[in-house]
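Student: Each step along the sequence shown adds one to the number in my numbering, with nothing skipped, and position 237 is 232. C-beta atoms are modelled at their ideal positions from N, C-alpha and C, and glycine is treated no differently.
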Amino acid sequence: SNTQPTSAESADANDVLNQKLNVYIDCYNNLQADIYRAVNRYANTFDDFRTGPTGKEDDPSPLVPVYPAFIQDCRKDIKAAAELKPAFASLDSAALAFINAAGPLAETINSMNKYYDQDNFKDDAFAGAKAFHKTFIKQFDEFDPIAKKYIAEITIMSGQHAANEIKATEKKEGKSIKYYTLLTMQEAETLNDAVADDSFDVAAVSKQLADFEEHTQKLNEKINVDIDKHRSFPGFISELEKFQGKVKKRIRRVRDNVAYTSHEQDYLNSGSGDMVDGSYEAVVKAYNELIDTYNGYHLEREF
């Protein structure tokens, strides 16, 4: 039947989506970081990542192992989360594909780590190293696109979840403190993604920023009606405003076509791009600090 879900049903579905996303994001963060750290170490150890060990290496360094509990927990947790009803088909299947590719690759990484850690290449003239390399490259080539599709699905569905929650909150309690808190967080995420590339649409992003500023201002007015009840909010609002400032500088740099000085270029190249006004890195740093504040302050206790 094509009856519309009741708002209680859609709220339940959104809760299930939230449960799934929490598991999926955790596993992505834990496994992804460990796997790529090992892959990068491997790439730095050998002259050619695709060719791998030639047998002429003096003392190849071990990889960094993937924490085995992450592999076991994620296998169990992703399977359980994917079975929760209602299903979110493309998200669930991306999660299962991710763990099915990440698990074997992580286990290969751990076996290789032990092989290099114990210098076993000295006993078998690198035969094991070359055999491991074949398996490792094959598994990595399968894993990489699956991991990219997985994080893309997570991003889409996180946005969907946030939008659903904002709508439900407005329906239930109007444009409340909770409503403006959720709305400004979603707008910050949208802005953070929007300014990543230097070719962004300045007019469109400037309009998004103006809305974000207006909603931050509305939130500020609402908490100031009874500041005693909302002691954690001023710190949160100052992070929202700090993020606004970084986005403004980013927009100006792109709008006015301001090239980076050689000094700024040095910062960007050395991984300290967040020190450079108008860089995307500076926006990301402020965005991450905003997320940390939002998560750390438990604002929901003061809604």
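So what does DSSP say about Arg245, is it helix, strand or coil?
Tutor: Note: Arg245 maps to helix in three-state DSSP.
Student: What do you reckon, are the CB atoms on Pro55 and Tyr111 nearer than 8 Å?
Tutor: Cβ atoms of Pro55 and Tyr111: closer than 8 Å.
Student: For Lys51, is the classification buried or exposed, using 16 other Cβ atoms within 10 angstroms of its Cβ as the cut-off for buried?
Tutor: Exposed is the call here.
Student: Is the beta carbon of Lys243 closer than 8 Å to that of Ala277?
Tutor: In this structure, Lys243 does not lie closer than 8 Å to Ala277 by Cβ.
Student: To the nearest angstrom, how far is it from the Cα of Ala64 to the Cα of Gly169?
Tutor: Going from the Cα of Ala64 to the Cα of Gly169 covers about 44 Å.
Student: Could you tell me the distance, in whole angstroms, from the CA atom of Ala76 to the CA atom of Arg45?
Tutor: Those two C-alpha atoms are separated by around 35 Å.
Student: Touching or not, the segment 197 to 217 and the segment 171 to 184, by the rule of three or more beta carbon pairs under 8 Å?
Tutor: Short answer: they touch.
Student: Could you tell me if Ile151 is buried or exposed, where buried requires 16 or more neighbouring beta carbons within 10 angstroms of its beta carbon?
Tutor: Ile151 comes out exposed.
Student: Whose C-beta lies closer than 6 Å to the C-beta of Asp72 among residues of the same chain, with five residues either side of it excluded?
Tutor: Once the five neighbours on either side are set aside, the close Cβ partners of Asp72 are Val18.
Student: Looking at the structure shown, is Phe121 part of a helix, part of a strand, or coil, going by DSSP?
Tutor: Residue state, collapsed to three classes: coil.
Student: Can you name, in chain order, every residue of its own chain whose Cβ lies under 7 Å from the Cβ of Ser153, other than the five neighbours on each side?
Tutor: So the list reads Leu16, once near-sequence residues are dropped.
Student: For Lys72, name the three-state secondary structure that DSSP assigns.
Tutor: Reading off the sequence shown, one finds Asp at residue 72, where the question assumed Lys. The answer is helix: DSSP assigns Asp72 an H, G or I state.
Student: Taking just the CA atoms, how far does Ser227 sit from Arg296?
Tutor: So the two alpha carbons sit approximately 9 Å from each other.
Student: Quick check on this structure: which residue in Cys69, Ser267, Ile20 has the alpha carbon closest to the alpha carbon of Pro99?
Tutor: If we check each option's Cα against that of Pro99, Cys69 comes out closest.
Student: Taking all protein chains shown into account, do 16 or more other C-beta atoms lie within 10 angstroms of the C-beta of Gln134, making it buried, or fewer, making it exposed?
Tutor: Gln134 should be labelled buried.
Student: Reducing DSSP to helix, strand and coil, say where Val279 ends up.
Tutor: Correct three-state label for Val279: helix.
Student: Keeping to the same chain, check which residues put their C-beta closer than 6 Å to that of Lys280; ignore five residues upstream and five downstream.
Tutor: So the qualifying residues of the chain are Asp269.
Student: Check whether the Cβ atoms of Val253 and Leu263 sit closer than 8 Å, and answer yes or no.
Tutor: Not closer than 8 Å, so no.
Student: Out of Thr40, Ser88, Ala90, Asp206, state which residue places its alpha-carbon closest to the alpha-carbon of Ala124.
Tutor: The candidate whose alpha carbon is nearest that of Ala124 is Thr40.
Student: Considering only the alpha carbon of each residue, which of Lys143, Ile94, Ala101, Asp287 lies closest to Ile132?
Tutor: Among Lys143, Ile94, Ala101, Asp287, the Cα nearest to that of Ile132 is on Ala101.
Student: Between Ala189 and Val200, is the Cβ-Cβ spacing less than 8 Å?
Tutor: Yes; because the gap between Cβ atoms is below 8 Å, this pair is in contact.
Student: With a threshold of 8 Å on Cβ separation, who are the neighbours of Pro48 within its own chain once the five nearest residues in sequence on each side are excluded?
Tutor: So the qualifying residues of the chain are Phe41, Pro55, Phe116, Phe121, Ala124, Lys125, His128.
Student: Which complete alpha helix (DSSP H) runs does the segment 192 to 232 hold, if anything under 4 residues is left out?
Tutor: Complete alpha helix (DSSP H) runs here, min 4: 197 to 220.
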